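Heads up, the thing below is written out as structure tokens.
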Amino acid sequence: MQLGLDILLTGLSIFVIGSHAVVGKGHFKSRQMPAGANLVSAAVLTTLAVFLLLLWTGEAPLAAQLVALALEAASLWLFFRTIAASRDGALHFAFDTENPVSLVTAGPYRHVRHPFYTSYLIFWTGLAIGTWSPWAIPVLVLMTVLYTVAARGEEAKFARTGMSEDYAAYRARTGMFWPKLG
């Protein structure tokens, strides 16, 4: 059972990352790939390699691997819902220096300001759980910091646009990565 779940989790993980790369490249409208986005890409590939190494060299309980599969599937669902909601938003890659040209508030954006990053964090959390290794924790923290820095940079750019007041109101009612409670 362990071998089968390792294979399934590996396959799903590679499929999710591949989907992010292929679909994302066609979705985002940056003039060129920003250096920061290249850094994110390198971090993603390195993190995937580290997590898969941890997965294949350790043993995880059945429950951990099932939770990992469920979280990865949920992250993929959220990713594609976010793609659909932002199709006409002309969004830029992470760390692009251009100001945003639209404010998307439909679909998953009704609840969180950065649903792409939320989907990525759900994915990495799932894979970290699936490895069942304490070594996955600092790597997960590093990816969380990277996405937080990117999100804060994107939010700062809204202040330089005519959408600054709309964005401030939107920010007051939604969470950065997780829905606001209450």
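Under our numbering, think of the first position of the sequence shown as 4, with each following residue one higher.
Even glycine gets a Cβ: it sits at the ideal position worked out from N, Cα and C.
Predicted model, so just to flag it, every value in this text is computed and none were measured.
Check whether residue i and residue j have beta carbons under 7 Å apart
i              : j                 : result
glycine 92     : valine 107        : yes
serine 136     : glycine 61        : yes
threonine 128  : phenylalanine 180 : no
valine 3       : threonine 13      : Since the first and last residues shown for the chain are 4 and 185, residue 3 lies out of range.
alanine 109    : alanine 88        : yes
proline 182    : aspartate 99      : no
leucine 186    : serine 22         : Any question about residue 186 goes unanswered here, given that the chain covers just 4 to 185.
tryptophan 138 : leucine 57        : yes
Limits of the alpha helix (DSSP H) - the one that residue i falls within
i           : result
arginine 90 : Where arginine 90 is concerned, there is no enclosing alpha helix (DSSP H), given that its DSSP letter is neither H nor E.
glutamine 5 : 5 to 30
glycine 39  : 38 to 60
Assigned exposure category for residue i - 16 Cβ within 10 Å defines buried
i                : result
threonine 85     : buried
phenylalanine 83 : exposed
glycine 133      : buried
arginine 90      : exposed
valine 26        : exposed
phenylalanine 96 : buried
methionine 4     : exposed
valine 103       : Inspection of the sequence shows that residue 103 is occupied by proline rather than by valine. The residue in question, proline 103, is buried, as its Cβ has 16 or more Cβ neighbours within 10 Å.
glutamate 157    : buried
serine 105       : exposed
phenylalanine 18 : exposed
leucine 6        : exposed
proline 111      : buried
Distance between beta carbons of residue j and residue i, contact taken as under 8 Å
i             : j             : result
leucine 74    : isoleucine 10 : Going by Cβ atoms, the distance from leucine 74 to isoleucine 10 rounds to 18 Å, so no, they are not a contact pair.
glycine 39    : alanine 153   : 7 Å
leucine 81    : proline 118   : 6 Å
leucine 149   : valine 43     : 6 Å
arginine 174  : arginine 116  : 6 Å
isoleucine 20 : valine 53     : Actually they do not touch by this definition, with Cβ atoms about 13 Å apart.
Exercise for the section: Scan the region 98 to 140 and note each continuous beta strand (DSSP E) run of 3 residues or more that stays entirely inside, going in chain order. Expected result: Annotation note: the region 98 to 140 contains no uninterrupted beta strand (DSSP E) run of length 3 or greater.
Exercise for the section: Ignoring anything shorter than 3 residues or poking outside the region 153 to 180, list the beta strand (DSSP E) runs there in chain order. Expected result: Listed in chain order, nothing qualifies, since the region 153 to 180 has no complete beta strand (DSSP E) run of 3 or more residues.
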